[in-house]
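A.B. asks: Residue numbers (my numbering): 1 to 155. All C-beta atoms, glycine included, are put in the ideal place defined by N, C-alpha and C. Remember, predicted model here, so these are calculated numbers, not experimental data. One structure follows; several queries about it will come next.
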Amino acid sequence: MHTIDPAPVRKSVTVRASPEKAFDVFVNGMGSWWIKGHSLTESGQKTVVVEAVAGGRWYEIGNAGEERDWGHVIACDRPNRILFAWQLNAEFDFDPAFYTEVEVLFEAKGENETTVVLEHRQLESYGARTQELRGVLDSESGWGGLLASYVAKMA
Numbered sequence: 001m002h003t004i005d006p007a008p009v010r011k012s013v014t015v016r017a018s019p020e021k022a023f024d025v026f027v028n029g030m031g032s033w034w035i036k037g038h039s040l041t042e043s044g045q046k047t048v049v050v051e052a053v054a055g056g057r058w059y060e061i062g063n064a065g066e067e068r069d070w071g072h073v074i075a076c077d078r079p080n081r082i083l084f085a086w087q088l089n090a091e092f093d094f095d096p097a098f099y100t101e102v103e104v105l106f107e108a109k110g111e112n113e114t115t116v117v118l119e120h121r122q123l124e125s126y127g128a129r130t131q132e133l134r135g136v137l138d139s140e141s142g143w144g145g146l147l148a149s150y151v152a153k154m155a
């Protein structure tokens, strides 16, 4: 068996909502739960926008109206799955030539409960800084904290 090095960052949370609602808050409401300090804009984050179609933009709008791309949507199958191209390099700057993937699955777990599984993969794209960036993305200041904020928004 071949293991992937580095291992993808994989997180899962369960929310009390249908897959449709869990998907809609995660994708269409990303600006309502994304940590405001995780911003690329000079004026601070106003919201995050996901155009939930293949090829759609994934970007942030600052308080002064400026836009900063984060990546794009590769595939979208509401309410089951969305696949993003994360195009923020090791300095967290948008780089159209840089590419990792973030896949989010929404799995129904009975009446009004959904498990949300997030996998951030192809981290070897970070080259010499792969292990460092994997650690950041896997931490409470990375996907751990972001998903905790999402769960709090769903409560």
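1. Quick one: residues in its chain with C-beta nearer than 6 Å to the C-beta of V136, no 5 flanking neighbours on either side, listed in chain order?
2. In or out: P19 buried (at least 16 other Cβ within 10 Å) or exposed?
3. State the beta-bridge partners of Y59 as determined by DSSP.
4. Tell me which residues share the same chain as T130 and place their Cβ nearer than 8 Å to its Cβ, disregarding the 5 neighbours each side in the sequence.
5. So what does DSSP say about R134, is it helix, strand or coil?
6. Would V13 pass as a contact of Y150 if the rule is Cβ separation under 9 Å?
7. Buried or exposed, going by whether 16 or more other CB atoms sit within 10 Å of the CB of R134?
8. If we ignore side chains and look at the alpha-carbon of each, how far apart do E111 and V15 end up?
9. Span of the alpha helix (DSSP H) holding W34?
10. Would you give the residue range spanned by the alpha helix (DSSP H) that F26 belongs to?
11. Between Q45 and the rest of its own chain, which residues show a CB-CB distance below 6 Å, the 5 nearest in sequence each way excluded?
12. Quickly, what does DSSP pair E119 with across the bridge? List them, please.
C.D. replies: Straight from the coordinates:
1. Translated into positions along the sequence shown, residue 136 becomes position 136. Correct list, in chain order: G142.
2. Taking the first residue of the sequence shown as 1, we reach residue 19 at position 19. Counting C-beta atoms within 10 angstroms of its own C-beta, P19 has 16 or more neighbours from the protein chains shown and is therefore classed as buried.
3. As a working note, residue 59 is residue 59 in the sequence shown. In DSSP, Y59 forms a bridge with V49 and D69.
4. Along the sequence shown, one-based indexing puts residue 130 at 130. Excluding sequence neighbours, T130 sits near P6, L123 and E124.
5. Looking up residue 134 in the sequence shown gives position 134. Helix at R134.
6. The residue you call residue 13 lines up with position 13 of the sequence shown. The residue you call residue 150 lines up with position 150 of the sequence shown. Contact: yes.
7. Counted from its first residue, the sequence shown places residue 134 at position 134. Answer is buried; the Cβ neighbour count reaches 16.
8. For the purposes of this step, residue 111 is taken as the residue at position 111 of the sequence shown. For the purposes of this step, residue 15 is taken as the residue at position 15 of the sequence shown. Going from the Cα of E111 to the Cα of V15 covers about 11 Å.
9. Against the sequence shown, residue 34 aligns to sequence position 34. That residue, W34, is in no alpha helix (DSSP H); it is neither H nor E in DSSP.
10. As a working mapping, residue 26 is identified with position 26 in the sequence shown. Start and end: P19 to V27.
11. Looking up residue 45 in the sequence shown gives position 45. Same-chain partners within the cutoff: K36, S39 and E60.
12. For this step, residue 119 is matched to residue 119 along the sequence shown. E119 is bridged to R10 and E103.
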